[in-house]
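K.L.:
So the sequence shown is numbered by the UniProt record's numbering: it starts at 1 and just counts up by one.
Even glycine gets a Cβ: it sits at the ideal position worked out from N, Cα and C.
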Amino acid sequence: LWTPRMALENQIDRLRTERRGQLEIFNRLKNPHAPENERLKNSIFSLNSKIEDLEDELDDLIQDDRLKHIKLVL
């Protein structure tokens, strides 16, 4: 059964893998005498932002689930 939590965790993992790959490329291209690759840098920053947003959403979902569980117990 695919839950919203599993979907968010999967998206976060996928984006982290993509970010890790882009960081590896960026680090290989990094040269003090060459201009920075702005597109790649912006893509990495964008991935960071998306990951943070999804992590916040996942935290909210977990918190909501905990509150629902507490209400059911009471």
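1. Can you tell me whether residue 47 is helix, strand or coil according to DSSP?
2. Answer yes or no: do residue 44 and residue 22 have a C-beta to C-beta separation smaller than 8 Å?
3. Cβ atoms of residue 12 and residue 70: under 8 Å apart, would you say?
4. Measuring alpha carbon to alpha carbon, tell me which residue in 54, 49 and 30 is nearest residue 10.
5. Are the beta-carbon atoms of residue 8 and residue 67 separated by less than 8 Å?
6. Would residue 15 pass as a contact of residue 40 if the rule is Cβ separation under 8 Å?
P.N.:
Well, looking at it:
1. For the purposes of this step, residue 47 is taken as the residue at position 47 of the sequence shown. Annotated three-state conformation of residue 47 is helix, per DSSP.
2. The count along the sequence shown starts at 1 and reaches residue 44 at position 44. The count along the sequence shown starts at 1 and reaches residue 22 at position 22. In contact: residue 44 and residue 22 (Cβ atoms closer than 8 Å).
3. Residue mapping note: residue 70 aligns to position 70 of the sequence shown, counting from 1. Residue mapping note: residue 12 aligns to position 12 of the sequence shown, counting from 1. The criterion of a C-beta distance shorter than 8 Å is not satisfied by residue 70 and residue 12.
4. Looking up residue 10 in the sequence shown gives position 10. Nearest C-alpha to residue 10 among 54, 49 and 30: 54.
5. Counting from 1 along the sequence shown, the entry for residue 8 is found at position 8. Counting from 1 along the sequence shown, the entry for residue 67 is found at position 67. The criterion of a C-beta distance shorter than 8 Å is not satisfied by residue 8 and residue 67.
6. Mapped onto the sequence shown, residue 15 falls at position 15. Mapped onto the sequence shown, residue 40 falls at position 40. Residue 40 is positioned such that its CB atom lies no closer than 8 Å to that of residue 15.
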